[in-house]
Amino acid sequence: MLTRRNFIAKGTIAAAGLASLGSAGSLLANAAKSVQNQAHVSQEISGPHSLRAHASHNGFIFGSAVIVRSVQSDPEFAALVREQCGIVVPTGELKWKALRPSRDQYDFSRPDYLLGFAQRNRMLMRGHTLCWHESVPDWIKAEENRANTRQLFIDHITVVCKRYAGKFHSWDVVNEAIFPKDAQIGGLRKSFWFEQMGPEYIELAFRTAHAADPQARLTYNDYGVEVDNEEDAERRRLILDLLHDLRKRNVPIDAVGIQSHVKAGQTETFGKGLADYIESIRQMGLEVYLTELDVNEDDIASADPAQRDAIIAKTYTDYLRVALANPAVKALLTWDLSDRFTWLNDGPTHHRKQPDRPQRSLPFDSDYRPKEAFFALRDSFDARKLHS
Ligand code: 9MR
Numbered sequence: 024m025l026t027r028r029n030f031i032a033k034g035t036i037a038a039a040g041l042a043s044l045g046s047a048g049s050l051l052a053n054a055a056k057s058v059q060n061q062a063h064v065s066q067e068i069s070g071p072h073s074l075r076a077h078a079s080h081n082g083f084i085f086g087s088a089v090i091v092r093s094v095q096s097d098p099e100f101a102a103l104v105r106e107q108c109g110i111v112v113p114t115g116e117l118k119w120k121a122l123r124p125s126r127d128q129y130d131f132s133r134p135d136y137l138l139g140f141a142q143r144n145r146m147l148m149r150g151h152t153l154c155w156h157e158s159v160p161d162w163i164k165a166e167e168n169r170a171n172t173r174q175l176f177i178d179h180i181t182v183v184c185k186r187y188a189g190k191f192h193s194w195d196v197v198n199e200a201i202f203p204k205d206a207q208i209g210g211l212r213k214s215f216w217f218e219q220m221g222p223e224y225i226e227l228a229f230r231t232a233h234a235a236d237p238q239a240r241l242t243y244n245d246y247g248v249e250v251d252n253e254e255d256a257e258r259r260r261l262i263l264d265l266l267h268d269l270r271k272r273n274v275p276i277d278a279v280g281i282q283s284h285v286k287a288g289q290t291e292t293f294g295k296g297l298a299d300y301i302e303s304i305r306q307m308g309l310e311v312y313l314t315e316l317d318v319n320e321d322d323i324a325s326a327d328p329a330q331r332d333a334i335i336a337k338t339y340t341d342y343l344r345v346a347l348a349n350p351a352v353k354a355l356l357t358w359d360l361s362d363r364f365t366w367l368n369d370g371p372t373h374h375r376k377q378p379d380r381p382q383r384s385l386p387f388d389s390d391y392r393p394k395e396a397f398f399a400l401r402d403s404f405d406a407r408k409l410h411s
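Just so it is clear: in the sequence shown, position 269 is 292 by the working numbering, and no numbers are missing.
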């Protein structure tokens, strides 16, 4: 097996060698195709050839979400993150469930580690997230705490934001608050926070975060706004209504996160809906971050890795052609950097369309070798044409 390092050095030689084996076996042939697909571009991917450098050259910050443990325990992965990222965010370690084993305990060890790593390597760091319906610890639901939810909420946001005050680029203050199926006012999700505090919890979260860390850019982060269909159009309308309302009442908010969990092999397109959405956010004076970009490839019928990689790469290109066109977009993070860690391979597989096939969703494969998606990202960064 080629390692990531010698793959990069010997990429062209490997392509030629494997190609000469012709029909020696589908695996080898696929590998040859996959490497050949990349042969037109430089195999240099570090320093000025990194995603980080190409993004910075085109007016935004590139980075990735990481599982902190993977950076702590795997030096090769840590080197890859250092090489490619100008910003990092922990996938789970700043959520309530991770930070708060009990009412009286905070465990900052993993986010602290990541902050040190980021600072040593001149990377920025984002925080994710202060408020999410999926990360509500059991202890807060107990009767004696339930009655105090509002105060516990304020205390949590204050303590966590103060710890990192002046050190974070931005915070996802509220995550995924819109869920029209719950049939609540403004399309708001009937989360624990909503049920305990009503719609006011959103404003309270932003005001509390701002008081504790006036420097971090405070972000509202959500999914399901990326494609041109009715469902996403409704979600876009509801999120824009929420943002207008927050702005009208001078709630301190600086940015909107578009999660960008997109799908390959679907008929729906990225187009006017997304472009208009980003422009509306810009006109409110807010920045836009593409916060959790990855490509779910479950809908691709082909089992051929080379074909799948090409379709995945094209999905990145199609998405970024629209998403990066607006100058309001100031940051882009993939949701992990390597297929080894993607959440799309987590948990039970029986419900997936391709249950036996690990997803190849990210720019680097599970051995940290760049795939076509890497080059699609880099080319998309370079193709950025800003319409101001
Ligand atoms: O990728 C994250 C996974 O490792 C965690 O187990 C999970 C629950 O904390 O959250 C995942 O990240 C989610 C993010 O916080 C919000 N948007 C959707 C992401 C993927 O589920």
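In this text, a Cβ means the ideal position worked out from N, Cα and C, and glycines have one as well. What you are looking at is a predicted structure, and each value in this text was computed from that prediction instead of being measured.
N-terminal and C-terminal residue of the alpha helix (DSSP H) that residue i is part of
i	result
LEU400	395-405
LEU9	No answer is possible for residue 9: it lies beyond the span of the chain, which begins at 24 and ends at 411.
LEU297	295-306
TYR312	Where TYR312 is concerned, there is no enclosing alpha helix (DSSP H), although the beta strand (DSSP E) it sits in stretches over 310-319.
ILE208	Taken as a continuous stretch (DSSP letters only), ILE208 belongs to no alpha helix (DSSP H), as it is neither H nor E.
HIS284	Element bounds for HIS284: not the alpha helix (DSSP H) but the beta strand (DSSP E), 284-286.
VAL248	Note, VAL248: premise wrong, no alpha helix (DSSP H); not H, not E.
ALA346	328-346
ALA228	223-235
GLN382	Per DSSP, GLN382 belongs to no alpha helix (DSSP H) and is neither H nor E.
GLN219	215-220
ALA324	Neither: ALA324 is in no alpha helix (DSSP H) and is coded neither H nor E.
TRP162	161-164
SER79	74-80
Where residue i falls, given that 16 or more other Cβ within 10 Å makes a residue buried
i	result
SER46	Confidence is the limiting factor: at SER46 the pLDDT is only 39, short of 50, which leaves the residue's position unreliable, though a coordinate-based value still follows. Exposed.
ILE335	buried
TYR129	exposed
LYS394	buried
ASN349	buried
GLN306	exposed
ASP161	exposed
ASN198	buried
LEU44	Legend: pLDDT at LEU44 = 35, less than 50; position of this residue unreliable, no value from coordinates given.
SER96	exposed
ILE208	exposed
ASP317	buried
ASP178	exposed
ASP379	exposed
ARG92	exposed
GLU166	exposed
GLN125	Here residue 125 turns out to be Ser, not Gln, going by the sequence shown. By the 10 Å Cβ count, SER125 comes out exposed.
Residue i CB to nearest heavy atom of ligand 1 below 7 Å
i	result
ASN198	yes
Residue range of the unbroken beta strand (DSSP E) whose run includes residue i
i	result
ALA170	Neither: ALA170 is in no beta strand (DSSP E) and is coded neither H nor E.
MET148	147-151
ARG240	240-245
SER193	193-198
TYR391	Here TYR391 belongs to no beta strand (DSSP E), and DSSP marks it neither H nor E.
SER87	84-89
LEU356	352-357
ILE68	ILE68 -> no beta strand (DSSP E), and no H or E assigned at all.
ALA278	278-281
Residue i at chain E interface by Cβ criterion, 8 Å
i	result
GLY209	In summary, chain E is missing from the structure at hand, where a single protein chain is found.
Every unbroken beta strand (DSSP E) within the segment 95-137, with a cutoff of 3 residues, ordered by chain: Segments of the beta strand (DSSP E) lying fully in the segment 95-137: 110-113.
Any chance you could list the residues with Cβ under 5 Å from a heavy atom of ligand 1, keeping chain order? Working through the chain, the matches are THR114, GLY115 and TRP366.
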